[in-house]
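See below for the structure under consideration.
Residue numbers (the working numbering), protein chains in the order written: chain H, 1 to 328; chain D, 1 to 238.
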């Protein structure tokens with residue numbers, strides 16, 4: 001409930017805008033000068049447990065330890081692979097950090113340029129040298145499927161509170177999904193279903209700042225055949241993998257009625273959002289073909305990333321002010 | 001200075017009908033480029049400027065990397081068709097200088113130490129020039145930077161003032177710039193009032209200088225509101 005209050009009074013702030021004049025502490029994407037707190041990025045202002053935060057609307061992915069990321073092998077060396085994790089920093093993956101025994105110079109037999117992996121950020125040092133590891137539950141090489149990229153700032157929206165959104169998409173589309181914190185999403189399943197899942201993700205990306213998003217997406221996915229027509233028409237665009245903004249617009253033109261219903265209704269019954277998902281999520285795990293680890297990693301990640309999750313919020317926040325002091 | 005050109009009309013207004021302390025009309029739009037991390041398009045009188053931000057991204061060659069902070073690389077360039085006589089395309093003395101001062105102004109607000117070893121690329125392209133392109137470019141670049149989600153202290157706002165026919169005026173137009181007596185482009189951080197860019201061409205007495213400075217700073221606060229509005233409109237529209 002409290003969250004909801006914060007959300008409904010959400011204010012858009014630009015860098016340098018005054019957030020608080022004392023009483024509160026500087027949280028994410030803010031900085032302080034004197035005893036005043038200012039926004040350092042453009043986004044929505046939110047207050048949680050004495051901290052003023054700004055939920056950013058755009059920005060690059062900056063790796064943090066324990067983040068799950070979807071990486072693409074850029075180059076292969078005798079003892080390491082270089083992984084592109086969609087951040088300003090390429091990340092080496094050392095042979096000792098993979099679950100296989102790799103002899104010297106045999107690296108390319110295991111992973112080669114262009115291969116996709118699900119990995120965990122292992123170390124990030126003070127000058128942002130990054131290392132990733134695959135010696136982790138759920139880390140794996142991803143074969144088949146396809147990858148789409150979204151803005152890393154929208155990842156928490158795609159995962160949803162406690163993983164509610166992602167498990168709902170998995171259930172409705174019968175796809176296997178991995179959402180990396182770096183904004184890369186790997187999707188595998190029936191081509192028809194992949195298309196549906198991609199559309200759902202694009203829908204979330206587009207509508208990320210609105211209330212009752214989970215319900216809206218659920219409605220979006222439980223669409224009568226009319227939407228499928230629309231899907232077929234926009235299919236070629238999706239294949240291009242690029243985050244094309246036009247996708248959504250076309251869809252809108254094709255199925256204006258559906259769009260209208262999804263726009264109106266969720267705002268009335270936002271309260272349902274919090275109750276429903278947990279049951280759903282548990283239900284999924286047993287029904288789906290997806291291996292247990294998949295489900296697990298998805299959820300773990302979800303908890304980490306969901307910024308509305310209070311406990312996690314506090315944990316991460318504690319370190320934040322110290323970092324900011326360094327900024328001054 | 002060409003004494004023949006009349007820059008003030010009989011009724012005390014300027015050639016384009018502005019009062020001495022009036023800005024030209026400004027239009028800003030954020031997020032106009034799909035492939036850039038952040039972008040902004042700005043029209044300021046007849047100036048037309050596009051700014052694009054890429055980054056923070058990996059910097060090559062590696063010897064240019066700074067292990068303590070990100071570097072800001074700015075490129076201001078004027079299209080060959082931006083002025084009445086064709087401008088020879090490519091970097092020249094003037095645009096190299098402008099790139100440098102704009103880049104340094106932007107660097108002063110970006111939290112560069114959050115992204116060691118990276119680069120923030122700023123591209124400013126002038127499609128149509130009509131005096132005051134450096135302040136127009138800087139104003140646009142700062143909106144684009146916020147649009148890109150680069151952590152920064154505040155937006156930067158820029159504006160010029162100058163002197164024509166012994167009168168201090170705000171925001172010189174092309175004729176006033178060419179035939180006037182002085183031009184004073186300035187950029188400030190509106191939240192603190194810090195000056196991050198100031199150049200002067202021509203001569204001003206100390207009193208005139210103070211007047212021009214105050215006029216430019218006041219105008220910056222007006223422009224600041226337009227910048228914020230442009231950024232907020234981008235998300236309100238969705």
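Beta carbons are placed, not taken as given, at the ideal position from N, Cα and C, and that holds for glycine.
is_contact[residue 63 (chain H), chain D] using C-beta, thresh 8 angstroms:
Counted from its first residue, the first chain places residue 63 (chain H) at position 63. Residue 63 (chain H) does not count as touching chain D.
Mind checking if residue 181 (chain H) is an interface residue toward chain D, Cβ cutoff 8 angstroms exclusive?
Working through the first chain from its first residue, we reach residue 181 (chain H) at position 181. Chain D contact via Cβ: absent.
When the Cβ atoms of the region 148–161 of chain D are set against those of the region 181–191 of chain D, are three or more pairs found closer than 8 angstroms?
yes
Which of the three DSSP states is assigned to residue 220 (chain D) in this structure?
To locate residue 220 (chain D), count along the second chain from 1; it is residue 220. In the structure shown, residue 220 (chain D) sits in a helix (DSSP, three-state: H, G or I).
Rounded to a whole number of angstroms, what is the C-alpha to C-alpha distance between residue 28 (chain H) and residue 55 (chain H)?
Here residue 28 (chain H) refers to the residue found at position 28 when the first chain is read from its first residue. Here residue 55 (chain H) refers to the residue found at position 55 when the first chain is read from its first residue. Their Cα atoms are separated by approximately 8 angstroms.
State yes or no: is the C-beta of residue 118 (chain D) within less than 8 angstroms of the C-beta of residue 88 (chain H)?
Translated into positions along the second chain, residue 118 (chain D) becomes position 118. Translated into positions along the first chain, residue 88 (chain H) becomes position 88. Result yes, Cβ atoms of residue 118 (chain D) and residue 88 (chain H) sit closer than 8 angstroms.
Out of curiosity, what's the CA-to-CA distance linking residue 121 (chain H) and residue 58 (chain H)?
If you number the first chain from 1, residue 121 (chain H) lands on position 121. If you number the first chain from 1, residue 58 (chain H) lands on position 58. Rounded to the nearest angstrom, the two C-alpha atoms are 21 angstroms apart.
Close Cβ partners of residue 102 (chain H) (< 7 angstroms) along its chain, the five nearest in sequence each way excluded
Mapped onto the first chain, residue 102 (chain H) falls at position 102. The residues are 95 and 110.
Where the beta strand (DSSP E) through residue 156 (chain D) begins and ends
What you label residue 156 (chain D) is simply residue 156 of the second chain in a count that begins at 1. Here residue 156 (chain D) belongs to no beta strand (DSSP E), and DSSP marks it neither H nor E.
Check for me: the alpha helix (DSSP H) holding residue 171 (chain H) runs from which residue to which?
Mapped onto the first chain, residue 171 (chain H) falls at position 171. Here the alpha helix (DSSP H) through residue 171 (chain H) covers 164–173.
Buried versus exposed call for residue 77 (chain D) [16 or more other C-beta atoms within 10 Å across all chains shown]:
Reading the second chain from its first residue, position 77 is the one you call residue 77 (chain D). Under this definition residue 77 (chain D) is a buried residue.
Would residue 227 (chain D) pass as a contact of residue 112 (chain D) if the rule is Cβ separation under 8 angstroms?
Locating residue 227 (chain D) in the second chain gives position 227, where the first residue counts as 1. Locating residue 112 (chain D) in the second chain gives position 112, where the first residue counts as 1. Residue 112 (chain D) is positioned such that its CB atom lies no closer than 8 angstroms to that of residue 227 (chain D).
Three or more beta-carbon pairs under 8 angstroms between the region 12–25 of chain H and the region 124–141 of chain D, yes or no?
no
How far does the alpha helix (DSSP H) with residue 133 (chain D) in it extend, from its first residue to its last?
The count along the second chain starts at 1 and reaches residue 133 (chain D) at position 133. That run of the alpha helix (DSSP H) goes 133–147.
Which term fits residue 178 (chain H), buried or exposed, when burial requires 16 or more other beta carbons within 10 angstroms of its beta carbon?
Position 178 of the first chain, counted from the start, is the residue given in the question as residue 178 (chain H). Taking every protein chain shown into account, the CB of residue 178 (chain H) has 16 or more other CB atoms within 10 angstroms, so this residue is buried.
Flag residue 222 (chain D) as yes if its beta-carbon sits less than 8 angstroms from any beta-carbon of chain H, otherwise no.
Start at 1 with the first residue of the second chain, and residue 222 (chain D) comes out as number 222. Answer no: the Cβ-Cβ gap between residue 222 (chain D) and chain H never drops below 8 angstroms.
Simplified DSSP state of residue 213 (chain H), which is helix, strand or coil
Counting from 1 along the first chain, the entry for residue 213 (chain H) is found at position 213. In the structure shown, residue 213 (chain H) sits in a helix (DSSP, three-state: H, G or I).
Round the Cβ separation of residue 106 (chain D) and residue 28 (chain D) to the nearest angstrom and send it over; I've been treating them as touching at under 8 angstroms.
Translated into the one-based positions of the second chain, residue 106 (chain D) becomes position 106. Translated into the one-based positions of the second chain, residue 28 (chain D) becomes position 28. Contact doesn't hold; Cβ gap of about 16 angstroms is too wide.
Option in D:65, D:219 and D:114 with minimal Cα separation from residue 193 (chain D):
Within the second chain, residue 193 (chain D) is the residue found at index 193, counting from 1. Considering only alpha carbons, the answer is D:219.
In the DSSP output, which residue or residues are listed as bridge partners for residue 58 (chain D)?
Looking up residue 58 (chain D) in the second chain gives position 58. Paired residue(s): D:118.
Option nearest residue 149 (chain H) by Cα separation, candidates H:193, H:126, H:22 and H:72:
The sequence position of residue 149 (chain H) within the first chain is 149, counting from 1. If we check each option's Cα against that of residue 149 (chain H), H:72 comes out closest.
Would DSSP call residue 123 (chain D) helix, strand or coil?
Start at 1 with the first residue of the second chain, and residue 123 (chain D) comes out as number 123. Looking at residue 123 (chain D) - three-state DSSP - the assignment turns out to be strand.
Where does residue 236 (chain D) land, buried or exposed, given buried means 16+ other C-beta within 10 angstroms?
The residue labelled residue 236 (chain D) in the question sits at position 236 within the second chain. Classification of residue 236 (chain D): exposed, given that the 10 Å Cβ count is below 16.
Whole-Å CB distance - residue 36 (chain D) paired with residue 54 (chain D), under 8 angstroms assumed:
Numbered from its first residue, the second chain carries residue 36 (chain D) at position 36. Numbered from its first residue, the second chain carries residue 54 (chain D) at position 54. The pair is a contact, with the Cβ atoms about 6 angstroms apart (cut-off 8 angstroms).
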